[in-house]
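Novice:
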Amino acid sequence: MLSKALLFNESVIALDIGCNAMSDKELEIIAIQLEENRLVHDRMQAKVYALKKQVAADADAKYDAKCALEKAEAIAKWHDDNAAARHAQYERDAIDAARRKCEEHARIQKQIAEKEVARKWQEEDARLKAEAKAKKKKK
Numbered sequence: 002m003l004s005k006a007l008l009f010n011e012s013v014i015a016l017d018i019g020c021n022a023m024s025d026k027e028l029e030i031i032a033i034q035l036e037e038n039r040l041v042h043d044r045m046q047a048k049v050y051a052l053k054k055q056v057a058a059d060a061d062a063k064y065d066a067k068c069a070l071e072k073a074e075a076i077a078k079w080h081d082d083n084a085a086a087r088h089a090q091y092e093r094d095a096i097d098a099a100r101r102k103c104e105e106h107a108r109i110q111k112q113i114a115e116k117e118v119a120r121k122w123q124e125e126d127a128r129l130k131a132e133a134k135a136k137k138k139k140k
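Numbering-wise (our numbering), the sequence shown opens with residue 2 and increments by one.
(1) Using the Cα positions of Q92 and R108, report the straight-line distance between them to the nearest angstrom.
(2) For E29 and A47, what's the separation of their Cα atoms in angstroms?
(3) Are I33 and M23 closer than 9 Å when you measure CB to CB?
(4) How long is the line joining the alpha carbons of R39 and E27, rounded to whole angstroms?
(5) Grab me the residues of N10's own chain with a C-beta within less than 8 Å of its C-beta, minus the 5 sequence neighbours each way, in chain order.
(6) Can you tell me where the alpha helix (DSSP H) holding N23 begins and where it ends?
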């Protein structure tokens with residue numbers, strides 16, 4: 002009776018019969034059915050293991066993709082920030098260069114004006130000396 006009941010049960014993989022008296026044929030049928038149940042159980046466990054392994058691999062791939070995306074975004078942000086900093090520095094350098102050029106131009110113009118004033122003073126001094134000399138000769 003027990004062997005017939007196990008023929009339709011695929012979930013039992015171990016059975017403790019105890020001290021019950023059973024025929025060898027019935028024990029053989031029970032052993033065969035338990036072995037088949039164990040094989041089915043092992044196949045199912047292998048499928049579950051493979052499925053869990055696939056799910057874990059998919060999760061790892063998603064995590065790696067997310068990390069790669071975050072890294073790419075961080076690198077892009079760094080490049081953008083760096084470009085903005087370089088642009089700001091370029092503008093500051095351009096302003097400084099223009100200021101220095103303007104200062105240099107003003108300095109040169111001042112030197113030219115000073116030389117012109119000095120030349121005019123020399124011409125005036127020479128003219129006055131020439132006039133004084135001409136007056137002395139007339140006397």
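Just so you know, even glycine gets a beta-carbon here, dropped at the ideal spot from N, CA and C.
Specialist: So, to answer that:
(1) The sequence given here has Glu at residue 92, not Gln. Computed Cα separation, rounded: 24 Å.
(2) 27 Å
(3) no
(4) 18 Å
(5) Q34, N38
(6) What sits at residue 23 in the sequence shown is Met, not Asn. First-last for M23: undefined, no H or E at that position.
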